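In what follows, a structure is listed as structure tokens, so that the remarks can point back to it.
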Amino acid sequence: MDFTLSKEQEDLKKWARDLAREKFSAKAYTWVKNNEVPWENAKILADHGLMGMTLSEEDGGAGSSLLDAIIVMEEIAKVCPNTADMFQVGNFGAIRQLAAYGSRELKDRVLPSILSGEKLISVAMSEPNAGSAVTDLATKARIEGDKVIINGSKVFNTHGPHNSYYVVWVRFGEGVSSSGAVLVERGAPGFTVGKTETHMSGEEHCALYFEDCEVPVGNILVPDNGFKRLFTMFNIERMGNTSRSLALAQSAFDIAVEHAKERHQFGRPLAEFQGIQWKVAEMKMKLDAGRLLLYRAATNADKGAPSPLESSMAKCYINTTAFEVASEAMQIMGGYGFSTDYPIEYIFRRIRGWMIAGGTPEMMKNKIAEEVFGMRFSQRPPKPQKGEVYS
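Remember, this note's numbering sits 1031 above the position in the sequence shown when you count from 1.
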């Protein structure tokens, strides 16, 4: 058991850090303020082989490990969170579902424009009445000849107003076992995008509407019994969420530490006050513990399918403690931390969103408990027995 990165991984980390500082630092933290998508940075990522680095060479990727991608993600996110979002699109998100389950023809048609940084893709999963209760999906799909007809709606999709492709989770029948996924391209007949809305972090999203939406039958990724297969890939997307949360918390920590060394009060540096020392010590322990959980999950995922237990533990712990670290960093910074002229307040807001997106800490704890007990715990109320009526 080795808790250190290899020489190659250390070199990769330094290379990614230098690239991020050189190419992405100038406009870092300006993209959200200007309501812009960092397309130019997505192109730089593509030019350096970082879009799709975790995909197989057959699919146009580099065949790199998940841990390597997380190492790169951390370095990019610490410099420019919004460029890290582009890296997420190319390595952790819906692209993994497309690469895992799409036909050769579909992948050859769609993947190149994503891997070149020209187009975006996201999962369209959440619905007005199906968020954490994702098995309550109401969006339906049926096959008619060489077409798939989709009816329903989706909410809270990453980069929703800017995506060209959506991996839409649907039901092909009535039961949960009929769940699956279809790739829907922007502009498909019967598909409309709602008004652009904004999260507290500044990220944009929109509702998606499918009214007898038609797509080719070849766009089906998973035809049935989809939840197990889809969540296998979604656990990788969660690791992208987790690594960005960790990286931004690390940035907040680093900024706060430098501030505590330079800022003087009562004639002394803040770093000399024991109260600050204890805060920093606790922040450091939380960051290192979270990184060990994430690296374990990623390393073991590279040996096979991601472990639901390990990925849930990493996401739950890091999402929660990253928010605590960002909050303490803001407290150490005082008024500077609360000012929009400094990145701490944005980091604080952004990290808070990852405690909702991709699975809440509460749902992650439910999954952890299921794995520990080896039992399935339904969150639904019990069904009435024959002759019983529940009010």
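Ideal Cβ positions, reconstructed from N, Cα and C, are used throughout, including at glycine. Computed from a predicted structure; not experimentally measured.
Taken through DSSP and simplified to helix, strand or coil, Y1060 comes out as coil. Residues of the same chain with a CB within less than 7 Å of the CB of A1280, apart from the 5 flanking positions on each side, are L1318, A1353, V1356, A1357 and I1382 in chain order.
Sixteen is the threshold: when 16 or more other Cβ atoms of the shown chains lie within 10 Å of the Cβ of E1341, as they do, the residue is buried. By the criterion of a C-beta distance shorter than 8 Å, M1270 is surrounded in its chain by L1097, I1101, F1123, L1325, A1328, A1329, A1332, P1337, S1342, A1345 and K1346, once the five residues flanking it on both sides are discounted. Judged by their CB atoms, R1380 and M1231 are nearer to each other than the 8 Å cut-off.
N1250 sits buried, since 16 or more C-beta atoms from the chains shown fall within 10 Å of its C-beta. Within the model, the alpha-carbon separation for A1400 versus M1394 is close to 10 Å. DSSP lists I1181 as the bridge partner or partners of A1172. Remark: C-beta atoms of P1220 and C1244 approach each other more closely than 8 Å.
In this model, M1117 and W1062 are separated by some 12 Å (Cα to Cα). The region 1107-1121 and the region 1173-1180 do not touch, with fewer than 3 CB-CB distances between them shorter than 8 Å. Sequence-distant partners of Q1308 (beyond 5 residues in either direction) whose C-beta falls short of 8 Å from its own C-beta, in its chain, are A1302. Between the region 1086-1093 and the region 1039-1048 there are fewer than three C-beta pairs closer than 8 Å, too few to call the two in contact.
A distance of 8 Å or more separates the beta carbons of G1148 and S1210. In this structure, E1268 is the residue among A1320, V1311 and E1268 with its C-alpha nearest to the C-alpha of M1156.
D1285 has its alpha-carbon roughly 45 Å from the corresponding atom of F1241. Within the DSSP bridge table, the entry for F1222 names F1241 as partners.
Put simply, the region 1197-1214 touches the region 1161-1177. At least three CB pairs are less than 8 Å apart. Judged by their CB atoms, I1349 and S1276 are nearer to each other than the 8 Å cut-off.
For H1290, the closest of R1322, I1375, T1263 and S1087 by C-alpha to C-alpha distance is I1375.
The shortest CA-to-CA distance from V1215 to any of R1260, V1165, S1153 and E1175 is the one to S1153. By the neighbour-count criterion, in which a residue is buried when 16 or more other Cβ atoms sit within 10 angstroms of its Cβ, E1067 is exposed. Within the region 1122-1175, the runs of beta strand (DSSP E) at least 3 residues long that lie entirely inside it are, in chain order, 1152-1155 and 1171-1175. In this structure, M1104 is the residue among K1064, M1104 and F1034 with its C-alpha nearest to the C-alpha of L1050. When A1312, K1074, R1173 and A1125 are compared, the shortest CA-CA separation from V1248 is found for R1173.
Closest in alpha carbon position to Q1296, among K1310, K1396, V1311 and G1365, is G1365. Counting C-beta atoms within 10 angstroms of its own C-beta, L1323 has fewer than 16 neighbours from the protein chains shown and is therefore classed as exposed. Closest in C-alpha terms to T1085, from the list E1228, M1264, T1035 and G1183, comes M1264. Residue N1072 holds the alpha-carbon nearest to the alpha-carbon of T1114 among R1127, A1131 and N1072. Where V1288 is concerned, the enclosing alpha helix (DSSP H) starts and stops at G1257 to E1293. When DSSP states are grouped into helix, strand and coil, G1211 belongs to the strand group. Under the DSSP assignment, V1248 falls outside any alpha helix (DSSP H); it carries neither an H nor an E label.
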